[in-house]
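**Student:** Numbering (the working numbering), first residue to last: 1075 to 1193.
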Amino acid sequence: MEIWINPACSKCRSAVKLLDAEGADYTVRRYLEDVPSEDEIRGVLDRLGLEPWDITRTQEPAAKELGVKEWARDASSRERWIKALAEHPKLIQRPIITADDGTAVVARTDEAVRDALSR
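(1) Buried or exposed: which applies to Arg1147, given that a residue is buried once 16 or more other Cβ atoms fall within 10 Å of its Cβ?
(2) In whole angstroms, give me the CA-to-CA distance for Gly1154 and Pro1126.
(3) In three-state DSSP terms, what is Trp1127?
(4) I believe Ile1079 touches Pro1163 by the beta-carbon criterion, under 8 Å. Please report the beta-carbon distance rounded to the nearest angstrom.
(5) Starting from Ala1149, follow the alpha helix (DSSP H) in both directions and report where the run begins and ends.
(6) Among the residues of its own chain, which have a CB less than 8 Å from the CB of Val1109, if the five just before and after it don't count?
(7) Span of the alpha helix (DSSP H) holding Val1118?
(8) Counting along the chain, where does the alpha helix (DSSP H) carrying Arg1104 start and finish?
(9) In whole angstroms, what separates the C-alpha of Thr1183 from that of Lys1085?
(10) Going by Cα to Cα distance, which pick from Ser1088, Ala1082, Leu1092 and Gly1097 is closest to Arg1104?
Right, dumping it as structure tokens:
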């Protein structure tokens, strides 16, 4: 199991605290320092069953500068979104847990963290 976190994020800290409390075996990836590649983002999206716009933090300054709220949300625009997430990792919703069964969850709640632990 791996968790993508930003240590400055309270939801990330809460998720890590819960993983520790449950005795989970996991690896921390500080994704702002160890930036995921476009291929890694595609893989996580597949595991999540989501599209890149579903995990984009549209209120971030970089998102506003790029104008992502105005971007099309369709198959022909998917690669543009993925490229933006790879180039601006702050836009990636957090935390993301990749579960042992090959799935993933956006773990913004205790319930989502527990869901990942049960997989």
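Cβ coordinates follow ideal geometry from the N, Cα and C atoms, glycine included.
**Tutor:** For this structure:
(1) exposed
(2) Correcting the residue type first, residue 1154 is Arg in the shown sequence and not Gly. Between Arg1154 and Pro1126, the C-alpha separation is close to 9 Å.
(3) helix
(4) 12 Å between Cβ atoms; not a contact.
(5) Note, Ala1149: premise wrong, no alpha helix (DSSP H); not H, not E.
(6) Ala1160 and Pro1163
(7) Glu1112 to Leu1122
(8) Arg1104 -> not in any alpha helix (DSSP H); beta strand (DSSP E) instead, spanning Thr1101 to Arg1104.
(9) 7 Å
(10) Ala1082
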